[in-house]
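A.B. asks:
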Amino acid sequence: MAKFEAPVDFHVDVGTLSNGAKVLKVLRKLGFKTVVLAYTTTDSVCELRGLDKNVLEECKKLKLNAFVKASILSENRGHLKKCLRKIRSKVDVVSISPKNLDIARFSGRDRRVDTVIFTYDELVRFYDDSQAKLMNQNGIALEIPFNRLWGKNQISYKTFFFLKRTLYYTVKFRVPIIISSGATKITEVKSPKQLTSLLEILGLPESYAKLSITTYPLAILKRNVHKRSRKHVQQGVDLA
Amino acid sequence: MRIVALFIALAVLEATYFLALTSLLMLGTLSIVHFMIFSAIGFMFFAITYVIYKLLKLQILMAKAGIRLSSEKLAIRNVVRKPRKRYLIFQVLAENTLSKNDVEKVFNKVFNEFFGILGGGEANPKLVLYDDKSMRGVLRFVHTQRSKVLFALAMVSEVTDGKIGFIPLKITGTLRKAKEIVKTLALD
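Quick note, the sequences are listed as chains A and B, same order. First residue of the first sequence? That's -5 in the numbering used here, and the numbers climb one at a time after it. First residue of the second sequence? That's 10 in the numbering used here, and the numbers climb one at a time after it.
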């Protein structure tokens, strides 16, 4: 039985175990109780990966609840649909990194998608009021990986302007927002308070900022674990 | 707005009442004495409606002023709040060992880049302690600016291309406690 405990790091790419063990250790030390181990794949390849046994053992040792997430880089709607059909029931969370507006809108509309990952470029190009409305209607969360938000040349006042605009749409249309670390190595790991500090400096109160690493990600995990259980028949139809 | 609409509706209702009274008088079904009595009652109702409308409007105005005053009070309270110190214990992760000067330089660069002189003045961050061997240190700042300091620490790894990482371990209220914790806390 999976446990759902906050805080959650919703995107950790551990890669190999030698690197992963260190990262997981630091995450535990920083207070995370649940981690979502992500792997990235393109929609044309659509690789399917489970949890590595060694990584799982490491998580158990550290008393971390681990889940698997497929992060799909997508450019083609047809490929993406095929990929979602193949992957949806096999992983705990499905996220999409849209590379064009069509995919962004599609991922905002499709219920098989849990989160849409927006880095700086995508936030600027695709995240507007219609995207936020779509995501709100279908209960899809906006995910911002902290480390992938800043390119080397992109840290400027404009970054914060667009982040502020994003926050405006997110709050106005009540889109759940998730801040994840997006860590691939030990130096990129962020503590829960560091993750929420991004929203706090943009003007969101602490209590609301906390939801981005507690309530919202846990709600997605709970929903998906229930969906994958035998009790679930269809949306709104469950076996007693 | 709703109150104005309600007042207008009541006024229209009373105007209709007067119109009905006048027409009844014209038709001769109502005597002049009765007309006077009913008109007086109508005027009384209108006066009462008007007074209630004015009172409600006044109450709304007072409530608005009260909210503004309380928010201003809160803002002033934040300004006059005594800046208390907080001590953040952090761990530096880097390939090479970093000296105190290096750590101070990196942090100050990042903090100034994001929050500038004004933010620096508000948060007043200062590296109080740093141990080269364990690469752990204590950073002092003003208690209201916690999120700024944490954000700056998080941005260190972004600015240095992931070569250096600052990981906050604990925040305390006194330096003595921070020193005690530095000895016990470790990532390994």
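Ideal placement from N, C-alpha and C gives every residue a C-beta, glycine not left out.
1) Taking the beta strand (DSSP E) that B/Phe99 falls in, what are its first and last residues?
2) Would you say A/Glu(-1) faces chain B, with C-beta separation under 8 Å as the test?
3) Who are the Cβ neighbours of B/Ala187 in its own chain at under 6 Å, not counting the five residues just before and after it?
4) Tell me which residues share the same chain as A/Trp144 and place their Cβ nearer than 8 Å to its Cβ, disregarding the 5 neighbours each side in the sequence.
5) Under the three-state reduction of DSSP, which class applies to A/Ile149: helix, strand or coil?
6) Is the number of C-beta pairs between the stretch 166 to 181 of chain A and the stretch 37 to 50 of chain A that are closer than 8 Å three or more?
7) Can you grab the Cα-Cα spacing for the pair A/Asp86 / B/Lys114, in whole Å?
8) Does the distance from the CB of A/Ile134 to the CB of A/Thr109 come in under 8 Å?
9) Hey, is B/Ala56's beta-carbon within less than 8 Å of any beta-carbon in chain A?
10) What is the DSSP secondary structure of A/Thr0, counted as helix, strand or coil?
11) Classify A/Ile195 as buried or exposed, calling it buried when 16 or more other Cβ atoms lie within 10 Å of its own Cβ.
12) From A/His73 to A/Thr36, what does the alpha carbon distance come to, in whole angstroms?
13) Residue range of the alpha helix (DSSP H) that B/Asp141 falls in?
14) Starting from the Cα of B/Ile176, find the closest Cα among A/Phe4, A/Lys19 and A/His226 and give me that residue.
15) What does the alpha-carbon distance come out to for the pair A/Thr28 and A/Tyr121?
16) Where does A/Asp232 sit, in a helix, a strand or coil, going by DSSP?
17) Within 10 Å of its beta-carbon, does B/Met45 have 16 or more other beta-carbons around it, so buried, or fewer, so exposed?
18) Would you grab the beta carbon distance between B/Ile173 and B/Val101 for me? Rounded to a whole angstrom, and I think it's under 8 Å.
19) Going along chain A in order, which residues have a C-beta closer than 7 Å to the C-beta of B/Ser156?
20) How big is the Cα-Cα spacing for A/Val165 and A/Leu95?
21) Taking 8 Å as the CB-CB limit, is A/Val20 close to chain B?
22) Just how far apart, CA to CA, sit A/Tyr233 and A/Arg217?
23) Verify whether the separation of the beta carbon atoms of B/Ser2 and A/Ser191 is less than 8 Å.
24) Mapping DSSP to helix, strand and coil, what is B/Glu113?
25) Rounded to whole angstroms, what is the Cα-Cα separation between A/Ile138 and B/Tyr62?
26) When you compare only the Cα positions, how much space is there between B/Leu30 and B/Lys82?
27) Which residue's Cα is closest to the Cα of A/Lys47: A/Leu21, A/Gly14 and A/Val227?
28) Need the endpoints of the alpha helix (DSSP H) that A/Tyr202 sits in, please.
29) On the three-state DSSP scale, how would you describe B/Leu148?
30) Please state if the CB of A/Leu31 and the CB of A/Lys57 are separated by a distance shorter than 8 Å.
31) Reducing DSSP to helix, strand and coil, say where A/Asn59 ends up.
C.D. replies: Answer, in terms of the structure:
1) DSSP places B/Phe99 in the uninterrupted beta strand (DSSP E) bounded by Lys94 to Ala103.
2) Interface criterion not met: the Cβ of A/Glu(-1) is under 8 Å from no Cβ in chain B.
3) Within the same chain, B/Ala187 has close Cβ partners Tyr96, Ile98, Val147 and Thr181.
4) Residues Tyr114 and Thr153 of the same chain have their beta carbon placed closer than 8 Å to that of A/Trp144, with the five preceding and five following residues left out of the count.
5) The DSSP-derived three-state label of A/Ile149 is coil.
6) Fewer than three beta-carbon pairs drawn from the stretch 166 to 181 of chain A and the stretch 37 to 50 of chain A are found closer than 8 Å, and the two stretches are therefore not classed as touching.
7) Cα to Cα, A/Asp86 sits roughly 43 Å from B/Lys114.
8) Yes, the Cβ-Cβ distance between A/Ile134 and A/Thr109 is below 8 Å.
9) By this cut-off, B/Ala56 is not an interface position.
10) A small fix is needed here, since residue 0 of chain A is Ala in this sequence, not Thr. Secondary structure of A/Ala0 (DSSP, three-state): coil.
11) The C-beta of A/Ile195 has 16 or more other C-beta atoms within 10 Å across all chains shown, which makes the residue buried.
12) Each residue's alpha carbon lies about 9 Å from the other.
13) Premise fails: B/Asp141 is in no alpha helix (DSSP H) and is neither H nor E.
14) Answer by Cα proximity: A/Lys19.
15) In this structure, the alpha-carbon of A/Thr28 lies about 28 Å from that of A/Tyr121.
16) Looking at A/Asp232 - three-state DSSP - the assignment turns out to be strand.
17) Counting the other CB atoms within 10 Å of its CB gives B/Met45 a total below 16, which places it among the exposed residues.
18) Between B/Val101 and B/Ile173 the Cβ distance is about 7 Å, and since that is below 8 Å, they are a contact.
19) Within 7 Å Cβ-Cβ: Ser191, Glu194 and Ile195.
20) In a straight line, the C-alpha of A/Val165 is about 22 Å away from that of A/Leu95.
21) Taking CB atoms only, A/Val20 has a neighbour in chain B less than 8 Å away.
22) A small correction: the amino acid at residue 233 of chain A is Leu; Tyr does not occupy that position in the sequence shown. The straight-line gap from Cα to Cα measures roughly 15 Å.
23) Any answer about residue 2 of chain B is impossible in this case: the structure gives chain B only from 10 up to 197.
24) Correct three-state label for B/Glu113: helix.
25) Rounded to the nearest angstrom, the two C-alpha atoms are 51 Å apart.
26) Note on geometry: alpha-carbon atoms of B/Leu30 and B/Lys82 lie some 55 Å from one another.
27) By alpha-carbon distance to A/Lys47, the top candidate from A/Leu21, A/Gly14 and A/Val227 is A/Gly14.
28) For A/Tyr202, the enclosing alpha helix (DSSP H) has its first and last residue at Glu200 to Leu205.
29) Note: B/Leu148 maps to strand in three-state DSSP.
30) Using a Cβ distance threshold of 8 Å, A/Lys57 and A/Leu31 do not count as a contacting pair.
31) In the displayed model, A/Asn59 falls within a strand according to three-state DSSP.
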